[in-house]
Amino acid sequence: MEKRNRPAVREDYLGVALACYALWRQVSSVIANEREYFVAKRESAYAAAADILSPHACVFASVGADGLEALLRQIENDNEPLAGSFVSALLNETGLPVMSGRFRGYSQIGYRIKPGKMLILEKGSLVDQVGYEGTGGGVVSLGSCWSLGAFSKGGLYVNLGGAVRIGSRGGDSVRINFANHRKQRAVVRSVNSIVLPTESFDMAYRATGGLDVNLCWEYAMGTEASSGTRLNYGVLNLLGIGAASESRAVNAGRMVPATTPYHLSVTADADVFRWKGIVGKNEFFDIVNRKGDGRAVTLAREIRRMCFEARDLVTKSAKQERSAETIAAYDWAGFEAGIRARAGEMGKHLGDDLA
Numbered sequence: 000m001e002k003r004n005r006p007a008v009r010e011d012y013l014g015v016a017l018a019c020y021a022l023w024r025q026v027s028s029v030i031a032n033e034r035e036y037f038v039a040k041r042e043s044a045y046a047a048a049a050d051i052l053s054p055h056a057c058v059f060a061s062v063g064a065d066g067l068e069a070l071l072r073q074i075e076n077d078n079e080p081l082a083g084s085f086v087s088a089l090l091n092e093t094g095l096p097v098m099s100g101r102f103r104g105y106s107q108i109g110y111r112i113k114p115g116k117m118l119i120l121e122k123g124s125l126v127d128q129v130g131y132e133g134t135g136g137g138v139v140s141l142g143s144c145w146s147l148g149a150f151s152k153g154g155l156y157v158n159l160g161g162a163v164r165i166g167s168r169g170g171d172s173v174r175i176n177f178a179n180h181r182k183q184r185a186v187v188r189s190v191n192s193i194v195l196p197t198e199s200f201d202m203a204y205r206a207t208g209g210l211d212v213n214l215c216w217e218y219a220m221g222t223e224a225s226s227g228t229r230l231n232y233g234v235l236n237l238l239g240i241g242a243a244s245e246s247r248a249v250n251a252g253r254m255v256p257a258t259t260p261y262h263l264s265v266t267a268d269a270d271v272f273r274w275k276g277i278v279g280k281n282e283f284f285d286i287v288n289r290k291g292d293g294r295a296v297t298l299a300r301e302i303r304r305m306c307f308e309a310r311d312l313v314t315k316s317a318k319q320e321r322s323a324e325t326i327a328a329y330d331w332a333g334f335e336a337g338i339r340a341r342a343g344e345m346g347k348h349l350g351d352d353l354a
């Protein structure tokens with residue numbers, strides 16, 4: 000193996016980060032040329048970054064949410080195909096608590112994000128995958144991405160921008176959608192250029208658990224999900240199609256017939272939308288017009304209120320200076336715990352309240 004030049008490291012955190020990045024680039028250039036699938040290259044590049052960064056973990060403990068802007072700009076200008084692995088490791092494997100920025104052209108950001116970490120994608124961000132295989136922490140996206148929280152095993156994933164898929168095959172995580180995807184159009188520069196369509200696809204496709212909350216427009220939600228809870232307050236074409244009996248779907252919003260160029264034409268069955276029994280294939284609880292004092296209905300309204308309070312804080316903060324720090328300072332862990340608890344209790348009451 001060729002000899003690598005180890006750069007001198009300054010004591011300040013930015014100097015450390017730039018020096019580690021310079022060393023990592025020497026390794027990643029070798030990895031990028033290996034005859035392996037991109038997934039294997041991504042993992043190797045992440046492991047290399049973690050190995051380089053971990054000895055300097057404490058240097059980043061007091062860095063502000065947007066304190067690495069200079070580093071992120073250099074990485075973007077370098078157009079490194081595996082740069083997302085380095086940036087993800089910088090957040091996960093050091094004392095850095097929060098990372099915020101306008102990320103553009105990365106194949107992934109927030110890869111395997113860990114508990115206690117916070118990632119904020121500012122407006123204008125264009126990324127392929129965000130929060131892939133995350134195990135905890137939180138992601139708030141105001142930008143555009145292809146997927147958010149795919150294969151996530153834990154954590155909180157909040158979309159206020161554009162995302163084609165949210166929570167695909169996700170496990171025990173919480174995914175929340177506020178954005179109208181049909182108005183999103185963007186090109187993501189990554190290993191292969193990706194054009195985001197003007198129609199969203201699916202939220203919680205084949206999810207294996209967790210909680211999904213839709214407060215805007217989605218084409219489908221909970222398709223072929225095996226377990227977990229789907230809660231719709233927005234507009235959906237399809238809810239719980241092909242889902243297993245262990246997967247619960249609740250409609251508190253609007254359902255409309257679906258015709259889309261990306262799927263076969265589907266005509267909605269009005270009887271399905273009125274059905275109140277246990278969820279199964281093409282079946283879900285419908286609480287749109289229920290005005291009683293049922294506990295499940297009350298809990299559903301509380302979840303909606305909590306979600307919009309969090310959204311309002313993010314959208315107001317985004318218009319101010321030092322917005323990342325304000326967003327990061329919000330009690331996201333408490334928010335996640337709160338809606339998880341209410342969703343769990345709601346599930347226990349559904350049979351009684353909606354019978």
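One point on numbering: in numbering that gives the first Met the number 0, the residue at position 205 of the sequence shown is 204, and numbering is uninterrupted. Where is the CB? At the ideal position from N, CA and C, for every residue including glycine.
Exposure label - residue i; buried when at least 16 CB within 10 Å
i, result
"D201", "buried"
"K40", "buried"
"A44", "buried"
"F334", "buried"
"Q183", "Confidence in Q183 is poor, its pLDDT being 43 and thus under 50, which makes the residue's placement unreliable; the coordinate value appears in the next sentence. Q183 comes out buried."
"C306", "buried"
"Y131", "buried"
"A328", "exposed"
"R304", "exposed"
Beta-carbon gap between residue i and residue j smaller than 8 Å
i, j, result
"D65", "G100", "yes"
"N176", "E217", "yes"
"G160", "A178", "yes"
"G133", "G154", "yes"
"Y156", "S143", "no"
"S27", "A56", "no"
"L90", "I30", "no"
"Y110", "V58", "no"
"I51", "L71", "no"
"W331", "M117", "yes"
Contacts around residue i, its chain only, beta-carbon distance under 7 Å, and the 5 residues preceding and following it disregarded
i, result
"I302", "V212, L230, I338, R341 and A342"
"G346", "T228 and R247"
"I361", "Here the chain has residues from 0 to 354 only, and residue 361 is not among them."
"G170", "S151, K152, T207, G208 and G209"
"A49", "A88 and E92"
"E75", "R103 and G104"
"C215", "N176, F177, A178, N179 and G233"
"S84", "R41, A44, Y45, A48 and Y110"
"E344", "L298"
Residues bridged to residue i [DSSP beta-bridge criterion]
i, result
"I175", "V157 and V212"
"C144", "V126 and A162"
"M387", "For residue 387 there is no data in the structure shown, the boundaries of the chain being 0 and 354."
"A340", "BP columns for A340 are empty, so no partner."
CB-CB length for residue i against residue j, believed under 8 Å
i, j, result
"I165", "L147", "5 Å"
"I108", "G136", "Contact doesn't hold; Cβ gap of about 13 Å is too wide."
"L95", "V62", "6 Å"
Check: residue i C-beta below 7 Å from any heavy atom of the ligand COA
i, result
"G241", "The ligand COA is absent from the structure shown, which contains no ligand whatsoever."
Contacting residues, own chain, Cβ-Cβ under 8 Å from residue i (five flanking each side not counted)
i, result
"Q73", "L17 and Y20"
Sequence-distant residues of its chain with Cβ nearer than 6 Å to residue i (five each side left out)
i, result
"P54", "none"
"A224", "A203, A206, A242 and S246"
"A323", "A64, D65, S99 and I119"
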